[in-house]
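A.B. asks: Residue numbers (my numbering), protein chains in the order written: chain B, 3 to 406; chain Y, 8 to 260.
Starting off with a structure, shown below.
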Amino acid sequence: MFATFKIALRALRRNVLRSFLTMLGIIVGISAVIVGVSMGTGAKAEVDKRIASMGQNLITVRSGNMQRGGVRGGFGMNANLTMEDFDAIRREVAGVSGISPEARTQAQVVAGAQNSSVQISGVSPEYLAVRSWNLKAGDNFTDADVRNAGKVCILGATTAKTLFGENVDPVGQTIRIKNGPFTVVGWLEAKGSGSFGQDQDDIILVPYTSVMKRLSGDTKFRTLYVQADSPDSIPDVKLQMEELLRQRHQIAEGKDDDFMVTTQQETSEFFNANNRIMTILIGFFAGISLVVGGIGIMNIMLVSVTERTREIGIRLAVGARGRDVLRQFLTEAVLLSVVGGALGIATGYWLAPLLTKFAQFPTLISNTSVIMAFTVSAFIGIVFGFFPALKAANLDPIDALRYE
Amino acid sequence: MSVPVIQLEDFRKTYTSGEVQVHAVRGVNLTIQPGEFVAIMGASGSGKSTMMNTLGCLDRPSSGRFLLDGVNVGELNRDELADLRNRKIGFVFQGFNLLSRTTAVENVELPMLYTRPAPPAREQRERAMKALELVGLGQRFDHTPSQLSGGQQQRVAIARGLVNQPKLLLADEPTGNLDSRTSIEIMGIFQQLNDQGMTVAMVTHELDIARYCRRVVVMRDGLIRSDESVQDRLLATAELARLDAEQKAVQLH
């Protein structure tokens with residue numbers, strides 16, 4: 003086996019340029035596979051990271067539905083989740099470790115000479131835990147603040163920067179929201195952009211009662227954020243909430259819900275569906291280039307068999323069996339494709355970070371794709387090397403020796 | 008009596024070329040005993056190449072029997088023929104047929120790569136070196152064919168033929184590509200090997216070359232026309248000495 007390998011290596015080294023050009027097809031194909039799959043994996047990892055940053059074991063309840071009676075409405079088109087719904091879920095659904103409503107409004111905010119239009123989210127104190135927010139400074143507001151519709155707020159990183167400047171601790175300052183003074187009690191750590199690419203840090207959190215009573219006048223919520231106590235209990239919590247809300251909203255059997263419960267996994271699947279299509283497309287084209295590379299190997303191996311007919315004749319004359327010759331040429335083809343595959347993997351490792359650097363596209367090379375690419379390249383060598391090798395093995399020794 | 012190396016009984020070979028049947032060999036009986044040194048002569052088309060291919064187990068008879076060292080070649084399949092060539096026959100060709108860009112010693116090792124089971128690498132190297140020394144090329148073992156003269160290349164080929172200690176050394180016009188002096192040297196090697204007991208059969212069309220053998224078989228039209236032992240046999244050592252003396256006389260050296 004080692005002798006066969008040595009002979010194959012020598013045969014390939016005899017014509018370095020040709021061997022390299024032959025491998026080029028495989029190199030391009032394999033590196034395309036590696037980069038393509040790394041783009042898919044990278045995009046998915048990015049989406050997963052963003053979704054995870056929205057909160058752990060998060061289940062979102064939105065009012066309205068995608069479709070009702072043929073009329074298409076968006077999520078949360080009209081607020082119909084009541085304070086009672088919120089309390090009922092908190093009381094009756096098992097497996098919930100945190101829950102917060104969200105009452106949103108857009109408002110003009112003024113701090114000193116700075117003013118800005120910011121999204122105000124009215125939430126409960128549990129919101130920080132449910133949505134995985136960490137405080138950089140200050141404290142959360144309390145249940146008492148909720149009961150009193152307290153004039154307290156927590157600033158997101160971007161909002162704090164806009165209103166008070168970079169790296170200035172806003173805790174203890176007073177800002178005016180719709181002309182009402184609010185005391186800043188907390189400062190959030192930055193989270194970066196969300197799954198839609200929006201800035202999650204341009205936000206002000208206040209007690210939901212404060213939004214409803216002082217700012218928007220709303221009496222119902224559009225969104226409830228619920229945290230399940232473990233990943234395993236997510237489906238059960240979702241089911242319980244759906245049943246509870248159908249009952250409370252008096253939705254008859256067979257009628258559509260007027261709310262929508264979404265788990266993180268569903269959100270992730272929604273976003274990753276596109277990534278999957280992209281990955282499949284890239285994989286398809288990379289696969290075609292691999293086949294073309296394989297045909298290149300077959301072509302060169304056929305030329306090589308013809309060129310070395312006399313050598314084959316000599317080997318057969320001194321006692322090589324057909325399968326010895328077959329193994330020799332097959333080893334050469336596999337060596338070509340495997341070395342090409344290894345170079346392709348190396349090229350992929352080199353290209354993927356460049357893509358991230360210059361095109362800002364997230365990439366992640368997975369071990370699975372590397373192992374797969376390597377296996378595929380060996381497989382290509384066997385498949386496309388077999389026919390030329392068989393041709394060599396079946397040569398008649400007398401004709402082969404006489405070949406000029 | 009010992010088993011004949013070659014035993015042909017009513018050997019016939021017919022090729023089909025298009026619609027025409029070509030009877031290359033039309034019934035030959037030939038026995039070669041161990042230790043013989045036989046030249047097979049004939050013009051082109053006489054059937055001697057077909058004889059050669061058959062004796063070399065590269066081809067099987069169309070009819071008749073061919074026993075090589077007691078083995079009926081006609082019953083063997085492709086792989087068994089390959090094994091038989093590997094163990095029992097050493098080939099020497101007109102065009103040397105060495106692997107280019109491969110050193111002399113590696114060329115000599117080639118048959119052992121295909122011996123089942125293959126001897127260990129160290130034994131292969133030792134045997135190859137011994138065979139090269141036997142043909143007087145021990146010093147040039149690491150030269151590639153392009154660095155060797157025709158005569159030296161043919162010596163490498165002979166060493167390759169010997170390395171598996173075959174029953175028969177089979178040479179096809181071994182001096183065809185060599186000048187007269189080198190031809191005599193090569194014949195000297197064959198004579199030396201034959202003296203040590205090796206059975207040698209060679210195809211040639213040169214009468215003076217055939218005179219170095221012990222027995223000459225002449226073929227024409229696919230049949231053996233004469234089969235006689237050589238009367239006035241030439242000895243390579245004597246011929247070389249004579250050549251040297253002649254050249255000295257005209258002050259070539």
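Positions of the beta carbon are idealized from the N, C-alpha and C atoms, including for glycine.
For A217/Y, count neighbouring Cβ atoms within 10 angstroms of its own Cβ and tell me buried if that reaches 16, exposed if not.
C.D. replies: Here the question's residue 217/Y lines up with position 210 in the second sequence. Classification for A217/Y: buried.
A.B. asks: Under 8 Å, CB to CB, which of the residues in the stretch 328–351 of chain B have a partner in chain Y?
C.D. replies: Within the stretch 328–351 of chain B, no residue qualifies.
A.B. asks: Which of the three DSSP states, helix, strand or coil, is assigned to V35/B?
C.D. replies: One-based indexing of the first sequence puts residue 35/B at position 33. It is helical.
A.B. asks: What first and last residue would you give for the beta strand (DSSP E) that runs through V29/Y?
C.D. replies: Taking the first residue of the second sequence as 1, we reach residue 29/Y at position 22. Its beta strand (DSSP E) spans residues V27 to I39.
A.B. asks: At a Cβ threshold of 8 Å, is V378/B touching chain Y?
C.D. replies: The sequence position of residue 378/B within the first sequence is 376, counting from 1. No, V378/B does not count as interfacial toward chain Y.
A.B. asks: So, does the CB of G321/B fall closer than 8 Å to a CB anywhere in chain Y?
C.D. replies: Here residue 321/B is taken as the residue at index 319 of the first sequence, counted from 1. Chain Y contact via Cβ: present.
A.B. asks: Please classify A245/Y as buried or exposed, where buried requires at least 16 other C-beta atoms within 10 Å of its C-beta.
C.D. replies: Locating residue 245/Y in the second sequence gives position 238, counting from the first residue. That one is exposed.
A.B. asks: In chain order, what residues of the same chain have a beta carbon less than 8 Å from the beta carbon of D239/Y, not counting five sequence neighbours either side?
C.D. replies: Start at 1 with the first residue of the second sequence, and residue 239/Y comes out as number 232. Same-chain partners within the cutoff: R218.
A.B. asks: Looking at the structure shown, is L242/Y part of a helix, part of a strand, or coil, going by DSSP?
C.D. replies: Translated into the one-based positions of the second sequence, residue 242/Y becomes position 235. In the structure shown, L242/Y sits in coil (DSSP, three-state: anything other than H, G, I, E or B).
A.B. asks: Show which residues of chain Y have a CB atom less than 9 Å away from the CB atom of P233/B.
C.D. replies: Locating residue 233/B in the first sequence gives position 231, counting from the first residue. Correct list: empty, because the minimum Cβ distance to chain Y is about 60 Å.
A.B. asks: Ignoring anything shorter than 4 residues or poking outside the stretch 41–65 of chain B, list the alpha helix (DSSP H) runs there in chain order.
C.D. replies: As far as the stretch 41–65 of chain B is concerned, it has no whole alpha helix (DSSP H) run of at least 4 residues.
A.B. asks: Within 10 angstroms of its Cβ, does Y291/Y collect 16 or more other Cβ (buried), or is it exposed?
C.D. replies: Coverage of chain Y is limited to positions 8 through 260, which leaves residue 291/Y absent and any answer about it impossible.
A.B. asks: Are the CB atoms of V49/B and N274/B within a distance shorter than 8 Å?
C.D. replies: Residue numbering aside, residue 274/B sits at position 272 when the first sequence is read from its first letter. Residue numbering aside, residue 49/B sits at position 47 when the first sequence is read from its first letter. Taking 8 Å as the Cβ cut-off, N274/B and V49/B qualify as a contacting pair.
A.B. asks: Taking the alpha helix (DSSP H) that E313/B falls in, what are its first and last residues?
C.D. replies: Along the first sequence, read from residue 1 onward, the residue named residue 313/B stands at position 311. Run containing E313/B: T311 to A319, per the alpha helix (DSSP H) assignment.
A.B. asks: Using alpha carbons as the reference points, say which of S134/B, A5/B, A34/B and I177/B lies closest to M374/B.
C.D. replies: Locating residue 374/B in the first sequence gives position 372, where the first residue counts as 1. Nearest C-alpha to M374/B: A34/B.
A.B. asks: Just the Cα atoms here: how many angstroms apart are M46/Y and L214/Y?
C.D. replies: Along the second sequence, read from residue 1 onward, the residue named residue 46/Y stands at position 39. Along the second sequence, read from residue 1 onward, the residue named residue 214/Y stands at position 207. Contrary to the premise, residue 46/Y reads as Ala rather than Met in this sequence. Each residue's Cα considered, the two are about 10 Å apart.
A.B. asks: Under DSSP, the alpha helix (DSSP H) around Q242/B begins and ends at which residues?
C.D. replies: Looking up residue 242/B in the first sequence gives position 240. Q242/B -> alpha helix (DSSP H) spans I236 to R250.
A.B. asks: Less than 8 Å separating the beta-carbons of I236/B and M41/B?
C.D. replies: Counting from one through the first sequence, the residue named residue 236/B turns up at place 234. Counting from one through the first sequence, the residue named residue 41/B turns up at place 39. Not in contact: I236/B and M41/B (Cβ atoms no closer than 8 Å).
A.B. asks: How would you list, in chain order, the residues of chain B whose beta-carbon sits under 9 Å from the beta-carbon of D186/Y?
C.D. replies: For this step, residue 186/Y is matched to residue 179 along the second sequence. Per Cβ cutoff of 9 Å: no residues; D186/Y is ~23 Å from chain B at best.
A.B. asks: Measure from the C-beta of G324/B to each C-beta in chain Y and report whether the shortest distance is under 8 Å.
C.D. replies: Locating residue 324/B in the first sequence gives position 322, where the first residue counts as 1. Chain Y, which has a Cβ nearer than 8 Å to the Cβ of G324/B, makes this yes.
A.B. asks: Are the beta-carbon atoms of V239/B and G97/B separated by less than 8 Å?
C.D. replies: As a first step, residue 239/B is located in the first sequence; it is residue number 237 there, counting from the start. As a first step, residue 97/B is located in the first sequence; it is residue number 95 there, counting from the start. Contact flag set, yes.
A.B. asks: Restricting to runs no shorter than 3 residues, where is the beta strand (DSSP E) found entirely within the stretch 250–334 of chain B?
C.D. replies: Complete beta strand (DSSP E) runs here, min 3: 261–265.
A.B. asks: Could you compute how far the alpha carbon of Q101/Y sits from the alpha carbon of P181/Y?
C.D. replies: Counted from its first residue, the second sequence places residue 101/Y at position 94. Counted from its first residue, the second sequence places residue 181/Y at position 174. Approximately 5 Å, taken between the alpha carbons.
A.B. asks: With a CB to CB cut of under 7 Å and the five nearest residues on each side skipped, what residues in its chain are close to D145/B?
C.D. replies: Residue 145/B sits at position 143 when you count from the first residue of the first sequence. Excluding residues within five positions, the ones whose Cβ falls inside 7 Å are P127.
A.B. asks: With E56/Y as the anchor, note down where its alpha helix (DSSP H) starts and where it stops.
C.D. replies: Along the second sequence, one-based indexing puts residue 56/Y at 49. First, the residue type needs correcting, since residue 56/Y is Ser and not Glu in the sequence shown. S56/Y -> alpha helix (DSSP H) spans K55 to L62.
A.B. asks: Measuring alpha carbon to alpha carbon, tell me which of L74/Y, S70/Y, F103/Y and R123/Y ends up nearest N93/Y.
C.D. replies: In the second sequence, the residue the question calls residue 93/Y occupies position 86. If we check each option's Cα against that of N93/Y, R123/Y comes out closest.
A.B. asks: Tell me, please, which residues DSSP counts as bridged to V207/B.
C.D. replies: Start at 1 with the first residue of the first sequence, and residue 207/B comes out as number 205. With the sequence shown as reference, residue 207/B is identified as Leu, and Val is not the correct amino acid for it. BP columns for L207/B point to S123/B and I156/B.
A.B. asks: Closer than 8 Å, CB to CB, is L175/Y near chain B or not?
C.D. replies: Your numbering for residue 175/Y matches position 168 in the second sequence. No, because no Cβ of chain B sits closer than 8 Å to the Cβ of L175/Y.
A.B. asks: Taking the beta strand (DSSP E) that F73/Y belongs to, which residues open and close that run?
C.D. replies: Walking along the second sequence from the start, residue 73/Y turns up at place 66. That run of the beta strand (DSSP E) goes S70 to L75.
A.B. asks: Can a CB atom of chain Y be found closer than 8 Å to the CB of I316/B?
C.D. replies: Residue mapping note: residue 316/B aligns to position 314 of the first sequence, counting from 1. True, the Cβ-Cβ gap to chain Y drops below 8 Å.
A.B. asks: Cβ of C155/B within 8 Å of Cβ of V228/B?
C.D. replies: As a working mapping, residue 155/B is identified with position 153 in the first sequence. As a working mapping, residue 228/B is identified with position 226 in the first sequence. No.
A.B. asks: Quick one: is K20/Y buried, meaning 16 or more other Cβ sit within 10 Å of its Cβ, or exposed?
C.D. replies: Start at 1 with the first residue of the second sequence, and residue 20/Y comes out as number 13. That one is buried.
A.B. asks: Along the stretch 36–64 of chain B, what residues have a CB closer than 9 Å to any CB found in chain Y?
C.D. replies: Under the 9 Å Cβ criterion, the stretch 36–64 of chain B contributes no residue.
A.B. asks: For my contact list, T349/B and I29/B are in at a C-beta cut-off of 8 Å; report their separation, rounded to the angstrom.
C.D. replies: Your numbering for residue 349/B matches position 347 in the first sequence. Your numbering for residue 29/B matches position 27 in the first sequence. Right, the Cβ-Cβ distance comes to about 6 Å (below 8 Å), so this counts as a contact.
A.B. asks: If you draw a straight line from the alpha carbon of V32/Y to that of L200/Y, how long is it in whole angstroms?
C.D. replies: Position 25 of the second sequence, counted from the first residue, corresponds to residue 32/Y. Position 193 of the second sequence, counted from the first residue, corresponds to residue 200/Y. So the alpha carbons of these two residues sit roughly 30 Å apart.
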